[in-house]
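Report on the following structure.
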Amino acid sequence: MRAFQILIDGFAISALYALGATGFTLIFGVSGVLNLSHGAIMVAAAVAAWAAASVLNVGTYAGALIGVAVALLTAFATYFAVVKPIQDSRRIPNEEKEIFVLTGTLLWGIMIQELIAYFFTNNAKTVLPIVEGVVEILGVRTPKNEIFTAIVCCLVIALLWLLVNRTRTGKAVLAASMNPRGVTLLGLELTNIYIVVWAIYGILAGIAGVLLGMFLGVSSYSVGPLTASAFSIVVLGGLGSVSGSLIAAFVVGYLETLTAYLVSPAYRTIPALLLLVFVMYIRPQGLLGRR
Amino acid sequence: MNKALSGALRSAFGAAAASVVLAASNAAFAADPIKIGVIAEAQAIAGASIPQAAQLAADEINASGGVDGRKIEIIGYDNHSSSADSVRAFQRAVNEDKVNVVIASYISEVVLALEPWASRLKTPFVTPGAASNEISKSVHADYEKNKYTFHGYLTSAALALSVCDGAKDLLVDKLHMKTAVIMSEDAAWTKPLDVGYEECLPKVGLKVLDHIRFSPDTTDFTPIFNKIEGAKPDVIITGISHVGVQPTVQWKNQQVPIPMFGISSQATNETFGKDTNQAAEGVLYQGVSGPGVAVTPKSVPFAENFKKKFGNYPSYAGYTAYDEVYYIADAVKRAGSTEADRLVDALEKTDWEGTIGRVQFYGKDDPFTHSIKYGKGLITGLMLQWQDGKQSAVWPKDVAKVDIKFPSFIKLSN
């Protein structure tokens, strides 16, 4: 009974982590950007979905779509207002650009967080679930919303796989992550590829944010922990490796759930962080890292 | 010019000048406002009502002529729920903005950080919403030093008593419940609360089966509810303030069949319904007042005026902050001064019927020195329940408007 409970709850949370981390790792893989405003973008999506559905009463589906749209816009804003100017700058030496991008996106994330707290308070918001009610699975009373979350996450990740491996645009993205110079030699505009990647990222982060808002709820305080969890999952899986991130997401998700059930909910995140330190020690490139 | 004449002229001139100066300084004294610094969590559900309610009280007092002709001026500071920001705000309020009194915060950690500053800067300080027993215990332990701090809200010990008194009538006598699990967040104010719960729940007839304390950072409450369900209690007794929306929504989404009863600070604010998408339905919480509840003749007019001005009903800390501005004004009037020690003396003698009941403070010899007195005829608190998207009083009988009822997923075991 408890084993099934852990199996079911762990799956939903892991799938959500996987979705959140996939976009994050994709951006790094293709453009070398570690986007520390990741958590802020997810929270913006969830709060926008909440505001649209609960304050403006546009309905659950429209609310969710608005949430994803807001994430997409915020992702573009992050790229055009923060990342691109730093990358294009001639005054910043190339070897320092990474650290500028880190700092820039971190500050950008804090700005978004404070804006959300200012306009919507720092109390948690929860997005009205698209499906309500509960079902019994293997004797475990499971909210339908939890199953919905898991299914959507898996579907979106599958779609992403198809996009990357089966379409021309996707193949260009994949190529850019392997060798950016080679792609430009083939006559593809690297900037266009970046825009595509940021669009994919915005949609992924938006869906993850809205689902998180439905499943657990978010507040402006979630910004830091969400960025940190995506960051540790991606580092654990190997920076830039999508499949590594997927595996790491499930490892972290289940480790947290096991701890919460078997030890104490208060120590939930500790074993996963210890594992991260341990992996860094014996395998600095992460589980499936390339470098 | 004749010397005598010039001397007379000069002295007349001098007298006139002196009287002008005197009159001016008198006028300045009369117009000198009473400055109240309000340090609060402007971005949190419970804290946002504090500066708003204080301003409302000040506006009302000023509209009726102020205190002996002196206006009340509220100077607000947003502390971002941080102790460090609060301490800086306190220093600035006293040293630069020259406030006479400070009203601050609903978070015990913040108030405990400010208490020594009230002593150092010798500035009377009242909290509208923190609960930790330690606040007034420190005043008792070192009265001369800490006498500047007043606890304008119930201590955790009193809150536990209030919840137990309500639980006896509503849960034990009416619904024949026998067992409970305590679920509280890990914070300064819940330590004495839990001690109080452990002590008073068995006395009213509720056996405590388990006691779960969780980190205020918790986002996924599934394992917690699961553990509670495993213990099969009749009721969950809550002690939550930093969290509120997330456990409530997950309680409903997971259809946990056990009612929640106790302290849930966020539930005291009207926006809680919207923030939880009405998952709050059926939640029972302790309050000092509530919309439409005539605890005293002042309660309902205040709540309605607040709503008219700010668009929603106040949180619990709104009621207390509103009363505080009034009894501070009353104390200034009785003291005839804003001088700190005289104000402290006057505040100690407070006997003010506010929106939450009759406010008096425990004296020097009581272990909870300077905390508001709990008991019949003073402040007892009440139990409210979210019903049909609104907060309704269900206990005690003299203010109760409706009977308790639960959403369909709640399975009462008796």
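Line by line, the protein sequences are chains V and R.
Just so we're aligned, residue 1 is where the first sequence starts under my numbering, counting upward by one.
Just so we're aligned, residue 1001 is where the second sequence starts under my numbering, counting upward by one.
Glycine included, each C-beta is placed from N, C-alpha and C at the ideal position.
All of these numbers come straight from a predicted model, not from anything done at the bench.
Item, Value
"Identify whether R/A1027 lies in helix, strand or coil by the three-state DSSP scheme.", "In this predicted model, R/A1027 has a pLDDT of only 45, less than 50, meaning its place in the structure is not dependable; the value taken from the coordinates is given anyway. R/A1027: helix per DSSP, three-state reduction."
"With 8 Å as the threshold, decide whether the Cβ of V/Q285 is near any Cβ in chain R.", "no"
"Beta carbons nearer than 8 Å to chain V: which residues of the region 1242-1270 of chain R have them?", "V1243, G1244, V1245, Q1246, V1249, Q1250, N1253, Q1254, Q1255, Q1266"
"Quick check on R/V1021: does DSSP put it in helix, strand or coil?", "Note on R/V1021: pLDDT 48, under 50, position unreliable in the model; the coordinate value appears next. Helix at R/V1021."
"Alpha carbon to alpha carbon, what distance is there between V/R166 and R/A1042?", "51 Å"
"In the DSSP output, what is R/M1183 paired with across the bridge?", "R/I1212, R/T1238"
"Let me know if R/S1025 comes out buried or exposed under the rule of 16 or more other beta-carbons within 10 Å of its beta-carbon.", "Residue confidence is low: R/S1025 scores 46 on pLDDT, short of 50, so the model does not pin down where it sits. Its coordinate-derived value is still stated next. R/S1025 comes out exposed."
"Do R/P1216 and R/H1176 have their CB atoms nearer than 8 Å?", "no"
"Please tell me whether R/D1398 has its Cβ less than 8 Å away from any Cβ of chain B.", "Checking the listed chains, one finds no chain B in this structure; the protein chains it contains are V and R."
"For V/Y267, verify whether its CB is less than 7 Å away from any heavy atom of the ligand SAM.", "With respect to the ligand SAM, the structure offers nothing, as it holds no ligand at all."
"With a cut-off of 8 Å, does the C-beta of R/F1214 fall near any C-beta of chain V?", "yes"
"Spell out a yes or no on whether the region 1099-1109 of chain R and the region 1033-1053 of chain R are touching, meaning 3 or more CB-CB pairs, one atom from each, closer than 8 Å.", "yes"
"Measure the C-alpha to C-alpha separation of R/A1113 and R/V1087 and round it to an integer number of angstroms.", "7 Å"
"Between which two residues does the beta strand (DSSP E) harbouring R/K993 extend?", "The question about residue 993 of chain R has no answer here: the residues shown for chain R are numbered 1001 through 1414."
"Can you find a C-beta in chain R that's less than 8 Å from the C-beta of V/V173?", "no"
"Would you list, in sequence order, the uninterrupted alpha helix (DSSP H) runs of no fewer than 4 residues that lie entirely inside the region 148-229 of chain V?", "168-178, 180-185, 190-215"
"Of all the beta strand (DSSP E) runs that stay within the bounds of the region 1057-1111 of chain R, which reach a length of 3 or more residues?", "1072-1078, 1101-1104"
"Please report whether the beta-carbon of R/Q1391 lies at a distance below 8 Å from any beta-carbon of chain V.", "no"
"With the cut-off set at 8 Å, would you say V/I110 and V/F100 are in Cβ contact?", "no"
"Across the region 32-40 of chain V and the region 226-234 of chain V, are there enough close Cβ pairs to call them in contact, namely three or more that are closer than 8 Å?", "yes"
"To the nearest angstrom, how far is it from the Cα of R/K1147 to the Cα of R/Y1327?", "17 Å"
"Relative to the C-alpha of R/S1119, which candidate in R/N1133, R/D1142, R/V1099, R/G1129 has its C-alpha closest?", "R/D1142"
"Excluding the five sequence neighbours on either side, which residues of its own chain have a C-beta within less than 8 Å of the C-beta of V/L288, listed in chain order?", "G237, G238, S241, S243, G244, I247"
"Tell me, please, which residues DSSP counts as bridged to R/M1383.", "R/Q1286, R/W1395"
"For the region 40-56 of chain V against the region 270-289 of chain V, do three or more pairs of beta-carbon atoms, one drawn from each stretch, fall closer than 8 Å, so that the two count as touching?", "no"
"What are the start and end residues of the beta strand (DSSP E) that includes R/S1162?", "Looking at the DSSP string, R/S1162 is not in any beta strand (DSSP E); the run it does join, the alpha helix (DSSP H), is 1156-1167."
"So with CB distances below 7 Å, who are the chain R contacts of V/S54?", "K1274, N1277"
"Tell me which same chain residues have a C-beta within less than 7 Å of the C-beta of V/Y267, skipping the five on either side of it?", "T259"
"Grouping DSSP H, G and I as helix and E and B as strand, with all else coil, what is R/A1040?", "strand"
"Quick one: using the 10 Å Cβ neighbour count with 16 as the cut-off for buried, is R/E1096 buried or exposed?", "exposed"
"For chain V, check one thing: does any of its Cβ atoms lie closer than 8 Å to the Cβ of R/A1024?", "Bear in mind that a pLDDT of 47 at R/A1024, under 50, signals an unreliable position, so the number given afterwards is only what the model happens to contain. By this cut-off, R/A1024 is not an interface position."
"Would a C-beta distance cut-off of 8 Å place R/Q1254 and R/F1225 closer than the cut-off?", "yes"
"Which one of R/P1116, R/G1069, R/P1051 has the shortest CA to CA distance from R/E1134?", "R/P1116"
"Given a cut-off of 8 Å on the beta-carbon distance, is the pair V/T213 and V/T103 in contact?", "The question names Thr, yet the displayed sequence has Gly at residue 213 of chain V. No. Outside cutoff."
"Cβ of R/N1226 less than 8 Å from any chain V Cβ?", "yes"
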